[in-house]
Each structure stands twice: as structure tokens, then as C-alpha cells.
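To keep things clear, I will list the structure first and then write my remarks on it.
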Amino acid sequence: MVKISTIKPVIKIIAPRIGRMPAGEAARHRERDEALHWRKWYKTSRWQKLRWSILVRDGFTCGMCGRLEGQTSQLVADHKTPHRGNEAMFWDADNIWCVCKGCHDGAKQRMERRKL
Ligand SMILES: [Zn+2]
Numbered sequence: 283m284v285k286i287s288t289i290k291p292v293i294k295i296i297a298p299r300i301g302r303m304p305a306g307e308a309a310r311h312r313e314r315d316e317a318l319h320w321r322k323w324y325k326t327s328r329w330q331k332l333r334w335s336i337l338v339r340d341g342f343t344c345g346m347c348g349r350l351e352g353q354t355s356q357l358v359a360d361h362k363t364p365h366r367g368n369e370a371m372f373w374d375a376d377n378i379w380c381v382c383k384g385c386h387d388g389a390k391q392r393m394e395r396r397k398l
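Residue 387 in our numbering sits at position 105 of the sequence shown, and the numbers go up by one each step.
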């Protein structure tokens, strides 16, 4: 009940921003693309090779829960210290470990969110 009265003022504040545009929007899109420029690194064969070498090195075993996972699609080559677009950190094998999807999507994501 209280919520409806608090939502209205927010809409009034946002509306004028939707009015002006294309330049502002284009800039925002550009910022977003630049912020995520490293996403394409995950699509390279260099990353596929590195990922595989990490899984082999770590014996297909999750570094967090110790689970041996035979389904490599369930394993993630995860950056211990978030690279945040830092190329050296992204490609540093010492900064990457093998974790299972369950641990990666659960504990690890929560950890990174807390650090933000
Ligand atoms: Zn695990």
C-alpha cells in the first residue's frame, strides 16, 4: 500500500531523461560496450585452450568443494581475482582455477558481489 505512493515520484524523475536522447543513449551504449570489451576474449580459441589447460591442470576437480566432475561443461575456468577487463589478469593461468558450476554460480558470485 505504501509502495504506490513512493513509486510515482520516481517515474516523474525518470520521464524527462527518456525525452531527450539519441546522443545520450548512443553514449551510454558505447560506455556499456567498452566496459564489456573483454567479453569477446571468452569467445577466442586462445581462451578455449587456456580453459582446457586449467581443467587438465586442476584434474577436473572443483577448487572450492573438491568435487571431481566428469562433465566438462559443468566446470568453469574461473578467475580467482576478478580481472575486470585487465588483460594480463585475464590470461594469467595462475589467476584461474577450476570450479564446478554449482560453486561458481553460488558461492563465488556472492563473494564477488560483496566485494563490489
Ligand atoms: Zn564445487
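Idealized CB from N, CA, C, for every residue including glycine.
Since the structure is predicted, the reported quantities are computational estimates derived from the model, not experimental observations.
- Note that the region 319–332 does not touch the region 343–352; fewer than 3 beta-carbon pairs, one per stretch, sit closer than 8 Å.
- Where W334 is concerned, the enclosing alpha helix (DSSP H) starts and stops at 327–339.
- At a Cβ-Cβ threshold of 7 Å, L350 and C380 do not count as neighbours.
- The Cβ-Cβ distance between Q356 and K325 does not fall below 7 Å.
- If you compare the alpha carbons of N368, D387, P364 with that of V358, the shortest gap goes to D387.
- In the structure shown, the three-state DSSP call for D374 is coil.
- Counting only residues of its own chain and dropping the five nearest sequence neighbours on each side, L318 has no CB closer than 7 Å to any other CB.
- Between H361 and I378, the C-beta gap is smaller than 7 Å, which places the two residues in contact.
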